[in-house]
Amino acid sequence: MAKTKRFLRAEQLCKQFPDADTRTLARRLAKEFKCTVEQARGTLRLVRGQRGKAQRKSATVPRKAGKAGTKPKLPPSKTEGWEPFELDAGRTLSLSDIHIPYHETKAVEAAVTWARRRKPDTVLLNGDTLDFYTISRWIKDPRKRDFKAELEAGVEFLQWIRGKFPDSRIVFKIGNHEDRWDHWLWNHAPEICELPQVQLDAMLQLENVGIELVGDGRPVKAGNLPIFHGHELPKGLTNPVNMARGAFLRMLDTVLVGHGHRSSSHTEPNWTHQEVTTWSQGCLCSLHPEYARINKWNHGFAFVEHESSGEFDLQNLRISKEGRVRAS
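If you're matching positions, the sequence shown starts at 1 in the working numbering and goes up one per residue.
So, in structure tokens, the structure goes:
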């Protein structure tokens with residue numbers, strides 16, 4: 001087949017713009033050779049082998065499979081994986097809302113002393129281990145602004161808790177107070193927010209004490225029990241009766257949460273007559289912080305024994321003013 005100038009130009013365009021649709025190239029070819037768009041389109045289809053099976057084999061610049069021209073493409077997804085952080089079967093101590101350096105020493109020591117006798121396999125620091133008062137967006141006393149001291153107190157606490165549980169796995173779950181660090185960076189120092197030196201695990205020297213970090217609002221699972229700090233739960237609902245019932249209404253599933261600083265539990269059967277129970281655990285911080293002098297908080301923690309089958313048994317424990325541990 002003798003190749004005309006229009007045919008040769010069509011080949012050139014198809015090689016130069018392999019992903020362009022045929023009609024777009026046809027308008028350009030028609031303008032150059034002063035022919036109709038349909039005549040130019042016919043030439044391009046001949047070059048690309050788009051004029052039936054008989055002429056497909058004679059195409060000089062065949063269109064690649066999947067190149068649909070004007071057909072819109074699904075954009076690539078930026079979705080990231082979000083899976084629960086699984087704990088090994090065994091005994092897990094859950095300590096929530098310690099708020100270093102505004103912790104209650106007697107309550108922290110009571111919880112740790114009680115747990116050390118049970119030899120937990122895992123210690124879960126279930127959010128708000130540090131307060132990060134200085135970088136809070138809320139109004140604060142300028143006389144207490146000392147972020148360096150807060151950070152040093154946090155590092156010292158993590159070293160202390162590692163010393164108390166030298167053989168246990170320790171997991172540090174990010175709560176809403178630890179989230180303050182990223183938010184502060186994004187608002188005040190976005191240019192350095194991706195540097196490894198300013199990431200929370202580096203700032204707290206977690207690698208030095210063998211502590212694992214869990215962020216992104218991921219639940220921690222002890223067998224069949226999902227554990228959240230609590231700030232990750234859906235918003236917009238009140239907490240009727242107690243914190244645990246509020247968690248039930250948000251999740252409609254068995255769950256343990258902190259964040260509310262109150263020990264409570266709630267149980268309801270579902271339509272298959274299986275009981276669904278939710279728990280909220282107490283805090284280990286001061287019961288009279290400057291932002292909430294009057295409240296209904298209590299000191300407490302949780303202890304979970306879970307098997308490889310997923311079955312678990314949970315003790316939701318309170319700590320009295322005298323430092324005695326008792327069942328919730």
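Glycine included, every Cβ here is placed at the ideal spot set by N, Cα and C. Just so you know, these numbers come straight off a predicted model, no measurement behind them.
Straight-line Cα distance separating LEU284 from ALA292: 15 Å
Residues sharing a beta bridge with SER265, DSSP: TRP279
Beta bridge counterpart(s) of ILE170 as assigned by DSSP: VAL123, ILE211
ARG326 in three-state terms, based on DSSP: strand
Through-space distance from HIS288 to LEU95, alpha-carbon basis: 19 Å
Best match in GLY90, LEU130, GLN50 for proximity to PRO120 [C-alpha to C-alpha]: GLY90
ALA302 (DSSP reduced to helix, strand or coil): strand
Cα-Cα separation, HIS259 to ASP131: 12 Å
Buried or exposed by the 16-neighbour rule on C-beta atoms within 10 Å, applied to ILE98: buried
C-alpha distance - SER168 paired with TRP114, whole-angstrom precision: 15 Å
Status (buried if at least 16 other CB within 10 Å, exposed otherwise) for PHE17: exposed
Under the three-state DSSP convention, the category HIS103 falls into: strand
Exposure label - ARG326; buried when at least 16 CB within 10 Å: exposed
Status (buried if at least 16 other CB within 10 Å, exposed otherwise) for ASP88: exposed
Whole-number beta carbon distance between VAL198 and PHE172, since they are thought to touch under 8 Å: Going by Cβ atoms, the distance from PHE172 to VAL198 rounds to 17 Å, so no, they are not a contact pair.
Unbroken alpha helix (DSSP H) run spanning ARG23, endpoints: 22 to 33
Bridge partners - GLN315, DSSP secondary structure assignment: PHE303
PRO84, DSSP secondary structure in three states: coil
THR113 in three-state terms, based on DSSP: helix
Separation of ARG145 from CYS193, as counted between CA atoms: 21 Å
HIS229 beta carbon less than 7 Å from that of GLY127: yes
Where ARG81 falls, given that 16 or more other Cβ within 10 Å makes a residue buried: Note on residue identity: the sequence assigns Gly, not Arg, to residue 81. Result: exposed.
Host beta strand (DSSP E) of ARG91 (start-end): 90 to 95
DSSP state of LYS144 mapped onto helix, strand, coil: helix
Contact check, ALA40 vs ARG48, beta carbons under 7 Å: no
Validate contact between the region 269 to 282 and the region 247 to 254 using beta carbons, cut 8 Å, 3 pairs: yes
LEU29 to ARG6 span [Cα, whole Å]: 8 Å
Other residues of its chain near TRP186: CB distance less than 8 Å, five sequence neighbours each side excluded: CYS193
Short Cβ contact (7 Å threshold) for SER328 with GLU104: no
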